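In this note's numbering, the protein residues as written are -19 to 161.
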């Protein structure tokens, strides 16, 4: 089997597992770095909410490793982060697991498609945010509370810098790891 992660060929389970574990480590460590920088600058956790550091390695994992590794890394990362660091908070944990699962799955399903990397990133972002919004609506309705749609739009607005960072970094990383012919 090919170990060339961008060849579009099927990857071995070993490669997918190792890559997925690396994505999980990055998805747990990057937010902590942002939280430390936020604490040092007096901004608290707002840097993590603004730059979405957990999302970047999961979308990248899906694009490089495929839907299985991307989805598993996406679902596992918030849970492992919560167990190790207490973040994300317990209230947001299920929504983050669902959202990151969707990011990894959507990006992974786009892995072998012939389209620019930036378009793959945008599609994965839209899919992840749509699934998160649906999960919030379902969760809030299950509790019998009215849904405040502004919460969903606010989270998108706050995270716009993170989305832009993903637009810049993920295609650049994809370009750098793509074998030149």
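For every residue, glycine included, the Cβ atom is placed at its ideal position computed from N, Cα and C. Since the model is a prediction, treat every value here as computed from it, not as a measurement.
Per DSSP, what kind of secondary structure is residue 71 in: helix, strand or coil? Three-state result, residue 71: coil.
Only counting the same chain, and skipping five residues up and downstream in sequence, which positions put a Cβ closer than 8 Å to that of residue 162? Because residue 162 is not part of the residues shown, which for the chain are -19 to 161, the question remains open.
For a test of the three-state rule: what should DSSP assign to residue 91, helix, strand or coil? Coil at residue 91, not helix or strand.
Three-state secondary structure assigned by DSSP to residue 17: Helix.
Verify whether the separation of the beta carbon atoms of residue 75 and residue 115 is less than 7 Å. At a Cβ-Cβ threshold of 7 Å, residue 75 and residue 115 count as neighbours.
Roughly how many angstroms separate the alpha carbons of residue 87 and residue 147, rounded to a whole number? One Cα belongs to residue 87, the other to residue 147, and the distance between them is close to 13 Å.
Classify residue -19 as helix, strand or coil using the three-state DSSP reduction. Note that residue -19 has pLDDT 41, beneath the 50 cutoff, so the model's placement of it is unreliable and no number is given.
Helix, strand or coil: how does DSSP classify residue 85 here? Three-state result, residue 85: helix.
Considering Cα atoms alone, identify which of -6, 137, 58 is closest to residue 38. Of the listed residues, the one whose Cα sits closest to residue 38 is 58.
Helix, strand or coil for residue 134? Go by DSSP, reduced to three states. Residue 134 falls in the helix class under three-state DSSP.
For residue 118, is the beta carbon positioned less than 6 Å from some heavy atom of the ligand PLP? Among the components of this structure there are no ligands whatsoever, and the ligand PLP is therefore not found.
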